[in-house]
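Be aware that the sequence shown starts at 2, since it is given in this note's numbering, and climbs by one per residue. Report on one structure; see the data block that follows.
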Amino acid sequence: MPTDDDLRVEIMDADVRAAKQDWLAARDSGAPTSIVDATFWLYTRLMSTQAQQIADAFRTARDCS
């Protein structure tokens, strides 16, 4: 049975930047609302996931001190 660590994906700053650029490009190009909404959803999910990763790393580092 896989653990949460086995399923974890590392979100990098470049991933968040690329998602933001995709969202802005969709928004500014007049893409259909469904595309703009989907790219914004992905952008916010990546930001949230990366923030959780940073918090997890902070807690782990603090607990190991």
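Glycine included, every Cβ here is placed at the ideal spot set by N, Cα and C.
By the 10 Å Cβ neighbour count, where 16 or more other Cβ atoms means buried, how is residue i classified, buried or exposed?
| i | result |
| --- | --- |
| Trp42 | exposed |
| Thr40 | buried |
Can you grab the Cα-Cα spacing for the pair residue i / residue j, in whole Å?
| i | j | result |
| --- | --- | --- |
| Arg63 | Ala15 | 26 Å |
| Thr61 | Val17 | 23 Å |
| Cys65 | Ser30 | 48 Å |
| Glu11 | Asp23 | 19 Å |
| Ala56 | Leu8 | 18 Å |
| Gln53 | Phe59 | 10 Å |
Is the beta carbon of residue j closer than 7 Å to that of residue i?
| i | j | result |
| --- | --- | --- |
| Val37 | Arg28 | yes |
| Ala20 | Tyr44 | yes |
In three-state DSSP terms, what is residue i?
| i | result |
| --- | --- |
| Ser49 | helix |
| Ser30 | coil |
| Ile12 | coil |
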